[in-house]
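Worksheet: the structure to be examined is printed underneath.
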Amino acid sequence: MTTTTFTKRWYRVLALIPAAALLAAACSPGTGGDGDDSLPPLEQDDAVAEGQHEAPELAQMVEDGELPPLEERLPTDPLVVDVVDRIGVYGGTWRRAESEVYELEVTERRHIGYERLFNWTPEWEGGSETTPNIATDVEVNDEGTEYTFFLREGIRWSDGEPFTADDIVFAVEDYYFHEDLTADADPRLLVSGGPPEVEAIDDYTVKFTFSRPHGLFLQSVAEWATQKLTAMPRHYMEQFHADYNDDDLDDLVAESSLGSWVDLFVDKSDPMRNPDLPVIYAWKVTQPFGQGTDVVFERNPYYWKVDPEGNQLPYIDQHVVQLVEDSELIKLQAMSGELDFQRTVGGPADRALVMENAEQNDYHVVTMQPDHMNTMAIHLNQTTPDETKREIFRNKDFRIGLSHAINRQEIIDLVFYGQGEPYQMSPSSELFYDEELAKQYTEYDVDLANQYLDDAGYEMDSNGRRIGPDGEPITITMDFANDVNDDWTDALELVQGYWDEVGVRMELNGISRSLHTEIVRENGEHEATVWTGSGGLVPFMQTHWYFPSTQAADFASAWGEWYLNPDNPKAEEPPEGPRRQMELYDEILVTADPDQQVELMRDLLDILKDEFYSIGISSPPEGIGVVTNKMHNVPDQMFNSTSWPTPGPSNTIQYFIEE
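Taken in order, the sequence shown gives residues -24 to -1, 1 to 635; the numbers are from mature numbering (1 follows the signal peptide of the UniProt record, and there is no 0).
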């Protein structure tokens, strides 16, 4: 059996994602640590070592004997990170704000902790490849069933302990696929024909073996959902795991006031809440979430990347995130120059104002290309608990009629300030764009809408209300997260009027994102909801908007549960169309040929076109972020996505602050 290194054949696999798509109790200052003697310091290239420098406060700690010298803290071959504009200077605090607890919680994935075996490249328009990161290379057999990663030698956790292949084995076997933890872990991107066998060949070599080809594994490694694969320090987390601590785990659980060892394990593995957790990130939490209005991160002395001149990164000393009451305050703070880089500021209505105030308030605007495919897609839950509503929502003519009843251009003009065009739930990437899929049923035609609703079998009564199969007027309850997007309320009020004109009443129920997650994403109890729909540019990795691949498929939550686990009590077997899509995606996952993967995805999207699960409104306008003029090396354009977790792959470690 032959193997192929990543840098040759397997870049072709990653090229499936179009180029346009890809765009601290540890040693925080003052606490120190001597590291671990089990793996001695590794000799470095003299030329690299000669040019190495570190932040002044770390140099002082070395001089005071509180920290090992830099050459003992860096790997043999530290990762050299290119800078956007110029070599930076040390110091400063990166100030941000968030109005949602959710966005604060994902700071790890987006801003401080995008560290995978292989990362997405920074250039969302310069190439679709991943790039070596924790791993320096990977070998893949021709069948796509074996992936052998070669780790960068000498990376250390923030407490000085070595990062080795055993940490990855622990993450896979004892977290992602442990029977008590897998629900929290969400391991689906690591599965192909069942869980992988993972083996530590030596300290710096780890091998994944799948029972079937995993054609998307390299993309999965760089993805959002595999964050914990390289974030489980075995030497620390074993004490909170039932399989490793028979002595005092019960006492630890009791001391924590948490309900079980599982709850304790999850809590202790959260880098936003546990300052004792060793990390391999550039910054480490020192004031955790829940201990004040700010979450504070400080530089990790053991961080393992350098700039082209050998200076240890990051440049910025501190990262502070303020939790505020609402997004309007964030906009005002950003426009006042109080936030150094805020990746999203306001909506379409605010664009002109934000740009007009840039010069006088000493900031500039960066553009964010959206990954999501729609401004506001309407999802009627075909597996809602209400049997009558199920029957109505599963009637395709009903969905088509409601789509034709919407005056999309008016919504675009009034809500989105003329930005965008009528658009359904369809990929926007050149590789998968289908004009028929993108534009079908978007024509505003009340007569045509009424014709489809008549054909669906729901006649109007004397009050102009359409009557459902139970003899009652049709009323749809719309549960939507009103703290996620300010424009959704305005857009839904317009849709409410359009649908009322054709005899269908909609009741708006604006709720918090956390409650929305509970009702919609966790339990599938909603009748209808709205969301943007990610995966517009990377459909392989964000599939639940195209077919019910997870419980997050808002148009049929229970079908998504069935795809993940048919034995789940919430699961329901789907009809032929979505079942065929599931079969096609299974084929994609076990296909090693990139061209064949593309053809299978197109077949899957053809079924989407026929099924017409959800009702789109319009294509999303470009977003904007705000950067103070003292913050440097921030790209002028970025890809705003979940798959490419903005701004992580842009290498936030090389941002710097200088007046």
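Glycine included, C-beta positions come from ideal geometry on N, C-alpha and C.
Asked, Found
"Rounded separation between Ile177 and Ala141 - CA only", "8 Å"
"Neighbour-count burial assignment, Ala328, 16 or more Cβ in a 10 Å radius", "exposed"
"Close Cβ partners of Asp459 (< 6 Å) along its chain, the five nearest in sequence each way excluded", "Ser488, Arg489"
"Proximity of Pro625 and Asn250 at Cβ, strictly below 7 Å", "no"
"Burial state of Asp226 (16 or more Cβ within 10 Å)", "exposed"
"Proximal residues to Asn605 (C-beta, below 8 Å), its chain only, five neighbours per side dropped", "Asp338, Tyr339, His340"
"Alpha-carbon to alpha-carbon, Val282 and Glu47", "12 Å"
"Residues that DSSP places opposite Arg497 in a beta bridge", "Arg497 pairs with nothing; no bridge assigned."
"N-terminal and C-terminal residue of the alpha helix (DSSP H) that Pro554 is part of", "552 to 565"
"Host alpha helix (DSSP H) of Glu469 (start-end)", "462 to 477"
"Nonlocal neighbours in the same chain, by C-beta distance under 6 Å from Gln527, ignoring five residues either side", "Ser533, Gly536, Glu537"
"Sheet register partners of Thr185 (DSSP bridge)", "Glu122, Glu173"
"Delimiting residues of the beta strand (DSSP E) encompassing Phe456", "451 to 457"
"Environment of Gln336 [buried if 16+ CB atoms lie within 10 Å]", "exposed"
"Of the listed residues Gly377, Pro398, Asn371, Arg375, nearest to Arg384 (C-alpha basis)", "Pro398"
"Three-state secondary structure assigned by DSSP to Pro138", "strand"
"Val261 (DSSP reduced to helix, strand or coil)", "strand"
"Which of helix, strand or coil DSSP assigns to Lys606", "coil"
"In DSSP terms, what Met344 is bridged to", "Gly599, Met614"
"Stretch pair the stretch 599 to 614 + the stretch 311 to 327: three plus CB contacts closer than 8 Å", "yes"
"DSSP three-state assignment for Trp70, whether helix, strand or coil", "strand"
"Limits of the beta strand (DSSP E) - the one that Pro108 falls within", "106 to 108"
"Extent of the continuous beta strand (DSSP E) to which Phe273 belongs", "270 to 275"
"Where the beta strand (DSSP E) containing Ile354 begins and where it ends", "353 to 356"
"Extent of the continuous beta strand (DSSP E) run through Phe94", "94 to 96"
"Boundaries (first-last residue) of the beta strand (DSSP E) holding Gly486", "481 to 487"
"Close Cβ partners of Gly377 (< 6 Å) along its chain, the five nearest in sequence each way excluded", "Ala425, Tyr428, Leu429"
"Coil, strand or helix - Val321 by DSSP", "coil"
"Exposure of Met331, with buried meaning 16 or more beta-carbon neighbours within 10 Å", "exposed"
"Per DSSP, the bridge partner or partners of Ala504", "Leu356, Met454"
"Ser134 vs Asn276 beta-carbon contact at 7 Å", "yes"
"Exposure of Gln630, with buried meaning 16 or more beta-carbon neighbours within 10 Å", "buried"
"Contacts around Asp431, its chain only, beta-carbon distance under 6 Å, and the 5 residues preceding and following it disregarded", "Asp373"
"Counted within 10 angstroms of its Cβ, other Cβ atoms place Thr343 as buried (16 or more) or exposed", "exposed"
"Burial state of Ala258 (16 or more Cβ within 10 Å)", "buried"
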